Amino acid sequence: MDKKTIIAKVNDFLIDEFEAEQEDLTPEANLKETLELDSLDYVDLVVAVESEFGVKLAAEDFVNVNTLEDFYTLIDKKVN
Amino acid sequence: MGRVVITGMGIYSCLGENLEEVKNSLYQGKSGIVFDQERKDFGYRSALTGKVAVPNLKKQLSRRERISMGEEAQYAYIATVEALKNAQVDLDFLIHNEVGIIFGNDSTAKSVIESIDIVRAKKDTTLVGSGGIFKSMNSTVTMNLATIFKLKGINLTVSAACASGSHSVGLGFHLIKSGLQEMVICGGAQEINKFAMGSFDGLGVFATDEENPTKACRPFDKNRTGLVPSGGGASLVLESLESAKKRGATILGEVIGYGFSSNGEHISTPNIDGPSRAMLKALDQANVKPTDIDYVNAHATSTPVGDQNEAKAIHHVFKDRKPYVSSTKSMTGHECWMAGASEIIYSMLMMQHSFIAPNINLEEVDDDAKELNLVQKTINEKIDVFLSNSFGFGGTNSAIVIKKYTE
Chain A
-12 MDKKTIIAKV NDFLIDEFEA EQEDLTPEAN LKETLELDSL DYVDLVVAVE SEFGVKLAAE
48 DFVNVNTLED FYTLIDKKVN
Chain B
-15 MGRVVITGMG IYSCLGENLE EVKNSLYQGK SGIVFDQERK DFGYRSALTG KVAVPNLKKQ
45 LSRRERISMG EEAQYAYIAT VEALKNAQVD LDFLIHNEVG IIFGNDSTAK SVIESIDIVR
105 AKKDTTLVGS GGIFKSMNST VTMNLATIFK LKGINLTVSA ACASGSHSVG LGFHLIKSGL
165 QEMVICGGAQ EINKFAMGSF DGLGVFATDE ENPTKACRPF DKNRTGLVPS GGGASLVLES
225 LESAKKRGAT ILGEVIGYGF SSNGEHISTP NIDGPSRAML KALDQANVKP TDIDYVNAHA
285 TSTPVGDQNE AKAIHHVFKD RKPYVSSTKS MTGHECWMAG ASEIIYSMLM MQHSFIAPNI
345 NLEEVDDDAK ELNLVQKTIN EKIDVFLSNS FGFGGTNSAI VIKKYTE
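Here the protein sequences line up with chains A and B, keeping their order. Residue numbers are given in the working numbering: position 38 of the first sequence equals residue 25, and the series is strictly consecutive. Residue numbers are given in the working numbering: position 55 of the second sequence equals residue 39, and the series is strictly consecutive.
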């Protein structure tokens, strides 16, 4: 799966399930602040990624994820 | 000890999605019972059920708030929004005052089963999602509503089978009466889905007339074949009289008695003594005589032994005084954990609008109920004081007495 497709799929579930606004979803945007995530919400990100891509993220995978670009890259690595 | 009044009500049931719709259905004697093919396909002996629309709360609540709510919490939320509006209580008041919540709820079957199904399929508990635990506990209704409405007082769920909603009102009444709380949101909620009632259906106590859903539930009728499960949400704002007066609230009624008892006998078969004692305790606490009661909202679910024993208990308590009696379950079906609270609201609507809703489908009165003054058609008559009965598995009984407010 190419990265462009990954980005489109991630943005789709962030808009549908996490109530993000399309215009806020820029690669440099901060993931936690943009989605207003609390500790529980990371569990739901893991669920959404598993459902969409069939890969399982672990808590430690998020340690170096700050921006949306970091998140896309993380999924890209797991998928490919 | 202080006086306790009702200043707000909200309802989401198979008779309507708000007080006005429900009041009209009660007056018209309209049934909310349907045949549910999904239950039949699932293996139910009786696929009859009360039905409410699946709420869409996307506009009212955030994702974080919604993800922790199963259907019972959603129904309770809608009813509570109406109750708070009815009581003219806004979020600012809730934030700055110690308002409590006590709800009756005794299952979260759908949420539990769906979560466990995910773990079975994926072999990974994380994939249940963050809302799973909060949807799966019996206290799901109070934990969600206390969070959404920023409540700071008592925060408690009552699990007492089909008397849960009634006990929640009784306990809220006592907390206010004793001065421990000024305002408590009390109610009941009941999930409606094929997972919740399968084991109940398995006991063979559900009504069998699937060809005629609206006629299947017939409390006190000689030809009754069983109960029909139902559900939704019911919410009441209970408040000290002082608090209500200080706020300039409209007082809808006054709670004056709560009687409770346990049968101490069979797990499912009710008796006569336990319900009788609950009613007598409620009357005694309310300091009213049986002659003062204008209307009894019976628990009567439409099962042969339950109706029979309640009829005997009512006759034992009221003897020849004969207040009007009807079971609104003839229209709603059995709203189980919610029923005690919803039936207080149904009776309150009758008291507010001076009518007594009928016990529909009562064509041939059962021999054991012939001593009762059963209401077969809507009666336009005022109610000053009523008693509402709720009984549950394990022999838990609750009776609440409410009167029209007077200075």
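Backbone N, C-alpha and C define an ideal beta-carbon position, used for all residues, glycine too. All values reported here derive from a predicted model rather than from experimental measurement.
Identify the contact partners of residue i in chain B, using a Cβ-Cβ distance below 9 Å as the criterion.
{"i": "E15(A)", "result": "Result: empty, since nearest Cβ-Cβ is about 24 Å, beyond 9 Å."}
{"i": "K65(A)", "result": "The premise fails here: K65(A) is roughly 15 Å from chain B at the closest Cβ pair, so nothing lies under 9 Å."}
Find the residues of chain A that neighbour residue i, judging by a C-beta separation of less than 7 Å, and give them in chain order.
{"i": "L111(B)", "result": "V34, E37"}
{"i": "D101(B)", "result": "Residues of chain A passing the Cβ test: none, with the nearest at roughly 14 Å."}
{"i": "D74(B)", "result": "None at all; the shortest Cβ gap to chain A is about 24 Å."}
{"i": "S95(B)", "result": "Under the 7 Å cutoff, chain A gives no residues; its nearest Cβ is about 15 Å from S95(B)."}
{"i": "D185(B)", "result": "Residues of chain A passing the Cβ test: none, with the nearest at roughly 32 Å."}
{"i": "S286(B)", "result": "Going along chain A, no residue has its Cβ under 7 Å from S286(B), so there is no contact; the nearest lies around 42 Å."}
At a CB-CB cut-off below 8 Å, which residues of chain A make contact with residue i?
{"i": "I51(B)", "result": "D31"}
List, in chain order, every chain A residue whose beta-carbon is nearer than 9 Å to that of residue i.
{"i": "R47(B)", "result": "E4, F5, E6, D28, D31"}
{"i": "D205(B)", "result": "Those do not exist, as D205(B) stays about 49 Å from chain A at its closest Cβ, beyond 9 Å."}
{"i": "S214(B)", "result": "Chain A residues near S214(B): none, gap ~32 Å exceeds 9 Å."}
{"i": "S120(B)", "result": "Chain A residues near S120(B): none, gap ~14 Å exceeds 9 Å."}
{"i": "S123(B)", "result": "Per Cβ cutoff of 9 Å: no residues; S123(B) is ~17 Å from chain A at best."}
Helix or strand or just coil, what does DSSP make of residue i?
{"i": "L164(B)", "result": "coil"}
{"i": "V239(B)", "result": "strand"}
{"i": "E223(B)", "result": "strand"}
{"i": "T312(B)", "result": "coil"}
{"i": "Q360(B)", "result": "coil"}
{"i": "D257(B)", "result": "helix"}
{"i": "N293(B)", "result": "helix"}
{"i": "I340(B)", "result": "strand"}
{"i": "I169(B)", "result": "strand"}
{"i": "Y279(B)", "result": "strand"}
{"i": "S246(B)", "result": "strand"}
{"i": "F179(B)", "result": "coil"}
{"i": "V48(A)", "result": "Looking at the sequence provided, one finds Asp at residue 48(A) rather than Val. Correct three-state label for D48(A): helix."}
{"i": "V301(B)", "result": "helix"}
{"i": "F133(B)", "result": "coil"}
{"i": "Y59(B)", "result": "helix"}
{"i": "S114(B)", "result": "coil"}
{"i": "Q72(B)", "result": "coil"}
{"i": "S252(B)", "result": "coil"}
{"i": "F40(A)", "result": "helix"}
{"i": "G154(B)", "result": "helix"}
{"i": "M263(B)", "result": "helix"}
{"i": "G232(B)", "result": "coil"}
If distances are taken between C-alpha atoms only, which option among the options comes closest to residue i?
{"i": "S95(B)", "options": "F244(B), M53(B), N70(B), Y59(B)", "result": "M53(B)"}
{"i": "D108(B)", "options": "V33(A), Y29(A), V66(A)", "result": "V33(A)"}
{"i": "L364(B)", "options": "A31(B), E327(B), Y279(B), L346(B)", "result": "Sequence inspection shows Asn at residue 364(B); the Leu mentioned does not correspond to that position. Checked all of A31(B), E327(B), Y279(B), L346(B); the closest Cα to N364(B) is Y279(B)."}
{"i": "V142(B)", "options": "G113(B), F87(B), L371(B)", "result": "F87(B)"}
{"i": "G41(A)", "options": "D63(A), V50(A), V52(A)", "result": "D63(A)"}
{"i": "G116(B)", "options": "E49(B), Q12(B), L78(B)", "result": "E49(B)"}
{"i": "L356(B)", "options": "E166(B), P254(B), V301(B)", "result": "V301(B)"}
{"i": "Y(-4)(B)", "options": "S30(B), Q58(B), E22(B)", "result": "Q58(B)"}
{"i": "L10(B)", "options": "S338(B), F377(B), S374(B), D351(B)", "result": "S338(B)"}
{"i": "I256(B)", "options": "S99(B), H283(B), N271(B), A270(B)", "result": "H283(B)"}
{"i": "S123(B)", "options": "A144(B), K106(B), G(-6)(B), G113(B)", "result": "A144(B)"}
{"i": "F370(B)", "options": "S310(B), L220(B), L32(B), F204(B)", "result": "S310(B)"}
{"i": "L220(B)", "options": "K230(B), A173(B), K265(B), A266(B)", "result": "A173(B)"}
{"i": "G216(B)", "options": "V(-11)(B), K35(B), G(-8)(B)", "result": "K35(B)"}
{"i": "V6(B)", "options": "V385(B), S331(B), R29(B), T92(B)", "result": "S331(B)"}
{"i": "K388(B)", "options": "K106(B), E4(B), T234(B)", "result": "T234(B)"}
{"i": "V359(B)", "options": "L75(B), A63(B), F204(B)", "result": "F204(B)"}
For residue i, write down the residues that DSSP places opposite it in a beta bridge.
{"i": "P213(B)", "result": "H318(B)"}
{"i": "L140(B)", "result": "I86(B)"}
{"i": "N373(B)", "result": "A383(B)"}
{"i": "T92(B)", "result": "T92(B) pairs with nothing; no bridge assigned."}
{"i": "Q174(B)", "result": "G216(B)"}
{"i": "T126(B)", "result": "Answer is none; T126(B) lacks a bridge partner."}
{"i": "T54(A)", "result": "N17(A)"}
{"i": "F190(B)", "result": "L211(B)"}
{"i": "C146(B)", "result": "A144(B)"}
{"i": "V349(B)", "result": "D205(B)"}
Residues of chain B with a CB under 8 Å from the CB of residue i: which are they?
{"i": "K(-4)(A)", "result": "Going along chain B, no residue has its Cβ under 8 Å from K(-4)(A), so there is no contact; the nearest lies around 18 Å."}
{"i": "K19(A)", "result": "Neighbours of K19(A) on chain B: none; closest Cβ ~14 Å, over 8 Å."}
At a CB-CB cut-off below 7 Å, which residues of chain B make contact with residue i?
{"i": "K(-10)(A)", "result": "Within 7 Å Cβ-Cβ: nothing; K(-10)(A) doesn't reach chain B, min ~25 Å."}
Inset, instruction - Run through the stretch -13 to 56 of chain B for me and flag every whole beta strand (DSSP E) of 3 or more residues, listed as ranges in chain order. - result: -12 to -4, 17 to 19, 32 to 34
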